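Under my numbering, the first residue of the sequence shown is numbered 72, with each subsequent residue one higher. I have placed the structure first, in the form of structure tokens, so that the comments after it can refer back to it.
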Amino acid sequence: MDLRTMTQSLVTLAEDNMAFFSSQGPGEMARRLTGVFVGIREQALGLEPALGRLLSVAHLFDLDTETPANGYRSLVHTARCCLAHLLHKSRYVASNRRSIFFRTSHNLAELEAYLAALTQLRALAYYAQHLLTTNQPGRLFFEGDERVIADFLQEYVTLHKGCFYGRCLGFQFTPAIRPFLQTISIGLVSFGEHYKRNETGIGVTASSLFTGGRFAIDPELRGAEFERIIQNLDVHFWKAFWNITEIQVLSSLANMASTTVRVSRLLSLPPVAFEMPLTSDPELTVTISPPLAHTGPGPVLVRLISYDLREGQNSKELSSFVTSEGPRSLELRLRPQQAPRSRALVVHIHGGGFVAQTSKSHEPYLKSWAQELGVPILSIDYSLAPEAPFPRALEECFYAYCWAVKHCALLGSTGERICLAGDSAGGNLCFTVSLRAAAYGVRVPDGIMAAYPATMLQSTASPSRLLSLMDPLLPLSVLSKCVSAYAGAETEDHSDSDQKALGVMGLVQRDTALLLRDLRLGASSWLNSFLELGGQKSHLKSVPKTEPMRRSVSEAALTQPEGPLGTNSLKSLKLHDLGLRNSSDTTDTPELSLSAEILSSSAPSTVNFLLGSEDESEVSEAPEELNSKDRLRGVGSAFPEGFHPRRCSQGAMWMPLYSAPIVKNPFMSPLLAPDSMLQTLPPVHIVQGSPTSGS
Numbered sequence: 072m073d074l075r076t077m078t079q080s081l082v083t084l085a086e087d088n089m090a091f092f093s094s095q096g097p098g099e100m101a102r103r104l105t106g107v108f109v110g111i112r113e114q115a116l117g118l119e120p121a122l123g124r125l126l127s128v129a130h131l132f133d134l135d136t137e138t139p140a141n142g143y144r145s146l147v148h149t150a151r152c153c154l155a156h157l158l159h160k161s162r163y164v165a166s167n168r169r170s171i172f173f174r175t176s177h178n179l180a181e182l183e184a185y186l187a188a189l190t191q192l193r194a195l196a197y198y199a200q201h202l203l204t205t206n207q208p209g210r211l212f213f214e215g216d217e218r219v220i221a222d223f224l225q226e227y228v229t230l231h232k233g234c235f236y237g238r239c240l241g242f243q244f245t246p247a248i249r250p251f252l253q254t255i256s257i258g259l260v261s262f263g264e265h266y267k268r269n270e271t272g273i274g275v276t277a278s279s280l281f282t283g284g285r286f287a288i289d290p291e292l293r294g295a296e297f298e299r300i301i302q303n304l305d306v307h308f309w310k311a312f313w314n315i316t317e318i319q320v321l322s323s324l325a326n327m328a329s330t331t332v333r334v335s336r337l338l339s340l341p342p343v344a345f346e347m348p349l350t351s352d353p354e355l356t357v358t359i360s361p362p363l364a365h366t367g368p369g370p371v372l373v374r375l376i377s378y379d380l381r382e383g384q385n386s387k388e389l390s391s392f393v394t395s396e397g398p399r400s401l402e403l404r405l406r407p408q409q410a411p412r413s414r415a416l417v418v419h420i421h422g423g424g425f426v427a428q429t430s431k432s433h434e435p436y437l438k439s440w441a442q443e444l445g446v447p448i449l450s451i452d453y454s455l456a457p458e459a460p461f462p463r464a465l466e467e468c469f470y471a472y473c474w475a476v477k478h479c480a481l482l483g484s485t486g487e488r489i490c491l492a493g494d495s496a497g498g499n500l501c502f503t504v505s506l507r508a509a510a511y512g513v514r515v516p517d518g519i520m521a522a523y524p525a526t527m528l529q530s531t532a533s534p535s536r537l538l539s540l541m542d543p544l545l546p547l548s549v550l551s552k553c554v555s556a557y558a559g560a561e562t563e564d565h566s567d568s569d570q571k572a573l574g575v576m577g578l579v580q581r582d583t584a585l586l587l588r589d590l591r592l593g594a595s596s597w598l599n600s601f602l603e604l605g606g607q608k609s610h611l612k613s614v615p616k617t618e619p620m621r622r623s624v625s626e627a628a629l630t631q632p633e634g635p636l637g638t639n640s641l642k643s644l645k646l647h648d649l650g651l652r653n654s655s656d657t658t659d660t661p662e663l664s665l666s667a668e669i670l671s672s673s674a675p676s677t678v679n680f681l682l683g684s685e686d687e688s689e690v691s692e693a694p695e696e697l698n699s700k701d702r703l704r705g706v707g708s709a710f711p712e713g714f715h716p717r718r719c720s721q722g723a724m725w726m727p728l729y730s731a732p733i734v735k736n737p738f739m740s741p742l743l744a745p746d747s748m749l750q751t752l753p754p755v756h757i758v759q760g761s762p763t764s765g766s
């Protein structure tokens, strides 16, 4: 069904339902149903022309005729998914509104949630048009007046996002992935509720299991809490949440269900310089120095995974690099024969936003790769931000890559073909390692496989970043915090200092006591949540018919008065110990100790990462109260008269993130590298979802 036909069908059904419910008397439910269909009609009629204009120029941004995909097409596709769902729901209401089995409350809640999503999508469509008219022709990333970027980021902060994380979660994706996204979102908000209340990850996880039920049965509450978390919590929260998979119990369970391999060894590469031959003249060599940035020389951890035991993998020389990581550090089963060396080698760099995870949490699928490809895999455990910001991770990955090229025989490979593979932040490091290898003149990998790589870390406006407003995995505010930590602007978390003082036995005793306490408190909280819901239902039954029914959480959040930076919000008071009120007391940004071949010798000045070159003093003096006119000041021309998107009341009205200009460095944002550098890259294969499947 084309866009115009879909819109006209939805408008017709909305008008029919409006007429029906407006004739049902002055009841609260009839009034709200009438109002929601009035809103659906208004937003659909306003959205259709904007989407039509985007479609008329979307083909100009396609890679080629065989790849009809870009950010503008994705935005139109997402809006069509929302319209299609509303069309389906409106047809259902029109067919079943007279039935005694018609669930009025449920259908009203769904319609209100998707109306809120449609309103926000209309705002994004208008802003995409604004980017088209103000940007240079044919460019997806905005290049021009930096005030437009500042306006875009201000819009992102102030726009209401909770509607995309409640009932509408993942509506733009294929239905098969929605339960997975819902599980992640429930786990996230449950984890966030108990964050910083316990000292150990297993304690937080145990409590979250007991309290996650109320977020599963109340989608509006889940959406509001999700919005509060992405607006307020710092990078240390995301580091802790993403590292749940690193817990020994969970990683052991995952490995029990994964492919069994002959070799899984954790190696520690000593910080010793070595020589590498130049590709232009193998007679000449270049010195590969160990990582030095920020923390000085130190070993680099790598994990060798091989489905078969191959020649060299059982040598004494390789065994000298093996380090212990607990009871499962070695899964080596000796056999009388050894398979010959593989002709290929895969060097893997894991993702995790530069701040979280290790090769251990990626080991299950790496084992499957080793079996299916029949090649050894070397996965690099690089140091993580904010404790080790740029360029420490790049230095460690480059050092490990060069070591693997030089010692490929020990790893069970002849090194005839060497491929780099990585996801997200790991994809970024794959590109930058290859660029640095070319700059050094040593062997460049034969290919790069990057899954959804982060190649543009500089803050800018683009149609794809408009869609980050509803991204269930990595919203723009979270990405900005990770980039800020990688750039060296985030302070370290010293919450583990007390753990070191307790010693091993002290930690065991404390963790056991905390776990028992968490189980008791978690069970109590879980029961209380259901008792509260039961009490609310009984209270609603006693309310006279003339009293308005309980509104959804997201609707209430949209109409409550706004306090300065959300200080009046009860949800903000839950994490008072995090100091989320203001970031003005943040310590000064540490200087980045950067290599001479990457950066200039001048120390980077601290600038606002999100607002480009605006004065820091202007940002730090953000007003405590922002009225609607002030919030729309920068994009007033983008929205037609009478249209007002829904605004957020879940926290700060600005993002106090700071970073150095290093985000523009090509070894941090490879997309900004000059063509002369990009031409040195090997064949690149980028893994992404198909826009036609909605993934």
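We put the beta carbon where it would ideally sit given N, CA and C, even for glycine. Here the structure is a predicted model, which means the values were calculated and not measured.
Assign Gly237 to one of two classes, buried (16 or more other C-beta atoms within 10 Å of its C-beta) or exposed (fewer than that). What you label residue 237 is simply residue 166 of the sequence shown in a count that begins at 1. Gly237 should be labelled buried.
What's the call for Lys769, buried or exposed, on a 16-neighbour Cβ count within 10 Å? In the structure displayed, the chain extends from 72 to 766; residue 769 sits before or after that span and is not available.
Between the Cα of Arg168 and the Cα atoms of Glu467, Met89 and Ser539, which residue gives the shortest distance? Against the sequence shown, residue 168 aligns to sequence position 97. The shortest C-alpha separation from Arg168 is found at Met89.
What residue range does the beta strand (DSSP E) around Glu767 cover? The chain is shown from 72 up to 766; residue 767 falls before or after that span and cannot be answered.
Give every residue of the same chain whose Cβ lies closer than 8 Å to the Cβ of Leu540, excluding the five residues on either side of it in the sequence, and list them in chain order. Within the sequence shown, the letter at position 469 stands for residue 540. Same-chain partners within the cutoff: Gln191, Leu195, Tyr227, Leu230, Lys232, Phe235, Pro546 and Leu547.
Contact check, Ser329 vs Lys477, beta carbons under 8 Å: Position 258 of the sequence shown, counted from the start, is the residue given in the question as residue 329. Position 406 of the sequence shown, counted from the start, is the residue given in the question as residue 477. Not in contact: Ser329 and Lys477 (Cβ atoms no closer than 8 Å).
Please look up how many angstroms separate the CB atoms of Cys473 and Ile359, rounded, as I've assumed it's under 8 Å. If you number the sequence shown from 1, residue 473 lands on position 402. If you number the sequence shown from 1, residue 359 lands on position 288. Rounded to the nearest angstrom, the Cβ distance from Cys473 to Ile359 is 5 Å, consistent with a contact under 8 Å.
Count the other CB atoms, across all protein chains shown, that sit within 10 Å of the CB of Lys735; report buried if there are 16 or more and exposed otherwise. On the sequence shown, residue 735 is found 664 positions in, with the first residue counted as 1. Its Cβ having fewer than 16 others within 10 Å, Lys735 is exposed.
Ala295: which of Cys719, Asn178 and Tyr197 sits nearest, CA to CA? As a first step, residue 295 is located in the sequence shown; it is residue number 224 there, counting from the start. Nearest option by C-alpha distance: Cys719.
Reducing DSSP to helix, strand and coil, say where Glu291 ends up. For the purposes of this step, residue 291 is taken as the residue at position 220 of the sequence shown. Glu291: helix per DSSP, three-state reduction.
Evaluate His130 with the Cβ neighbour count: other Cβ atoms within 10 Å of its Cβ, from every protein chain shown; 16 or more gives buried, anything less gives exposed. Numbered from 1 along the sequence shown, position 59 holds the residue referred to as residue 130. The residue is exposed, with fewer than 16 neighbouring Cβ atoms inside 10 Å.
Between Gly117, Tyr266 and Ala187, which lies nearest to Gly713 when the distance is taken from Cα to Cα? The sequence position of residue 713 within the sequence shown is 642, counting from 1. For Gly713, the nearest C-alpha among the options comes from Gly117.
Check the C-beta distance from Gln225 over to Ala709 and give it rounded, since I have them as a contact under 8 Å. Looking up residue 225 in the sequence shown gives position 154. Looking up residue 709 in the sequence shown gives position 638. Distance from Gln225 to Ala709 at the Cβ level is roughly 12 Å; contact not present, criterion being Cβ atoms closer than 8 Å.
Bounding residues of the beta strand (DSSP E) (the contiguous stretch that carries Val334): Looking up residue 334 in the sequence shown gives position 263. Where Val334 is concerned, the enclosing beta strand (DSSP E) stretches over Val334 to Leu340.
What is the rounded straight-line gap between the Cα of His177 and the Cα of Phe244? On the sequence shown, residue 177 is found 106 positions in, with the first residue counted as 1. On the sequence shown, residue 244 is found 173 positions in, with the first residue counted as 1. Answer to the nearest angstrom: the Cα atoms are 22 Å apart.
Over the uninterrupted alpha helix (DSSP H) stretch that includes Leu104, give me the two end residues. Along the sequence shown, read from residue 1 onward, the residue named residue 104 stands at position 33. Membership of Leu104 in the alpha helix (DSSP H) is indicated by the continuous run Glu99 to Ala129.
Keeping to the same chain, check which residues put their C-beta closer than 7 Å to that of Ser256; ignore five residues upstream and five downstream. If you number the sequence shown from 1, residue 256 lands on position 185. Contacts found: Tyr236, Leu240, Arg293, Phe297 and Pro543.
With Ser533 and Phe132 assumed to form a contact (beta carbons below 8 Å), what rounded beta-carbon distance in angstroms separates them? What you label residue 533 is simply residue 462 of the sequence shown in a count that begins at 1. What you label residue 132 is simply residue 61 of the sequence shown in a count that begins at 1. Between Phe132 and Ser533 the Cβ distance is about 10 Å, and since that is not below 8 Å, they are no contact.
Just the Cα atoms here: how many angstroms apart are Val758 and Tyr453? Within the sequence shown, the letter at position 687 stands for residue 758. Within the sequence shown, the letter at position 382 stands for residue 453. Rounded to whole angstroms, Val758 to Tyr453 spans 22 Å at the Cα level.
Using DSSP bridges, identify the partner residues of Ile733. Locating residue 733 in the sequence shown gives position 662, counting from the first residue. Beta-bridge pairing links Ile733 to no other residue.
Can you tell me whether Cys479 is helix, strand or coil according to DSSP? As a first step, residue 479 is located in the sequence shown; it is residue number 408 there, counting from the start. It is coil, neither helix nor strand.
Using the three-state DSSP reduction, which class does Glu487 fall into: helix, strand or coil? Residue numbering aside, residue 487 sits at position 416 when the sequence shown is read from its first letter. Shown here, Glu487 sits in a strand according to DSSP, grouped into three states.
As assigned by DSSP and simplified to three states, the class of Val446: Residue 446 sits at position 375 when you count from the first residue of the sequence shown. In the structure shown, Val446 falls within a coil segment according to DSSP collapsed to helix, strand and coil.
C-alpha distance - Ala188 paired with Leu550, whole-angstrom precision: Residue numbering aside, residue 188 sits at position 117 when the sequence shown is read from its first letter. Residue numbering aside, residue 550 sits at position 479 when the sequence shown is read from its first letter. Cα to Cα, Ala188 sits roughly 22 Å from Leu550.
Is the distance from the Cβ of Ala525 to the Cβ of Ala496 below 8 Å? Working through the sequence shown from its first residue, we reach residue 525 at position 454. Working through the sequence shown from its first residue, we reach residue 496 at position 425. For Ala525 and Ala496, yes; Cβs fall inside 8 Å.
Sequence-distant residues of the same chain with beta carbon closer than 8 Å to Gln442, five excluded per side: Stepping through the sequence shown from its first residue, residue 442 is reached at position 371. Closer than 8 Å at the Cβ level, and outside the excluded window around Gln442, lie Thr330, Val332 and Tyr378.
Contacts around Ser308, its chain only, beta-carbon distance under 6 Å, and the 5 residues preceding and following it disregarded: Within the sequence shown, the letter at position 237 stands for residue 308. With the sequence shown as reference, residue 308 is identified as Phe, and Ser is not the correct amino acid for it. Closer than 6 Å at the Cβ level, and outside the excluded window around Phe308, lie Tyr266.
For the candidate residues Ala459, Gly518, Leu211 and Leu380, whose alpha-carbon lies nearest to that of Pro362? On the sequence shown, position 291 is the one that residue 362 refers to. Measuring from the Cα of Pro362, the nearest candidate turns out to be Ala459.
Look up Met739 in the DSSP assignment and say whether it is helix, strand or coil. Counting from 1 along the sequence shown, the entry for residue 739 is found at position 668. Here Met739 sits in coil by DSSP.
Per DSSP, what kind of secondary structure is His231 in: helix, strand or coil? The residue you call residue 231 lines up with position 160 of the sequence shown. His231 falls in the coil class under three-state DSSP.
Gly209 to Ala344 span [Cα, whole Å]: Translated into the one-based positions of the sequence shown, residue 209 becomes position 138. Translated into the one-based positions of the sequence shown, residue 344 becomes position 273. Cα to Cα, Gly209 sits roughly 46 Å from Ala344.
By Cβ distance, which residues of its chain are closer than 7 Å to Ala471, with the 5 residues on each side in sequence left out? Numbered from 1 along the sequence shown, position 400 holds the residue referred to as residue 471. Within the same chain, Ala471 has close Cβ partners Leu340, Val371, Val373 and Ile451.
Rounded to whole angstroms, what's the CA-CA distance from Ser395 to Leu389? Just pull it up for me. In the sequence shown, the residue the question calls residue 395 occupies position 324. In the sequence shown, the residue the question calls residue 389 occupies position 318. Taking the straight line joining both Cα atoms gives about 14 Å.
Residue(s) in a DSSP beta bridge with Ser413: Here residue 413 refers to the residue found at position 342 of the sequence shown. DSSP lists Ser484 as partners of Ser413.
Going by alpha carbons, who is nearest to Gly369 out of Leu528, Ala464 and Arg144? Within the sequence shown, numbered from 1, the residue matching residue 369 stands at position 298. Looking at the Cα atoms, Ala464 is the closest of the given residues.
Separation of Leu182 from Ala364, as counted between CA atoms: Against the sequence shown, residue 364 aligns to sequence position 293. Against the sequence shown, residue 182 aligns to sequence position 111. Rounded to the nearest angstrom, the gap between the Cα atoms of Ala364 and Leu182 is 54 Å.
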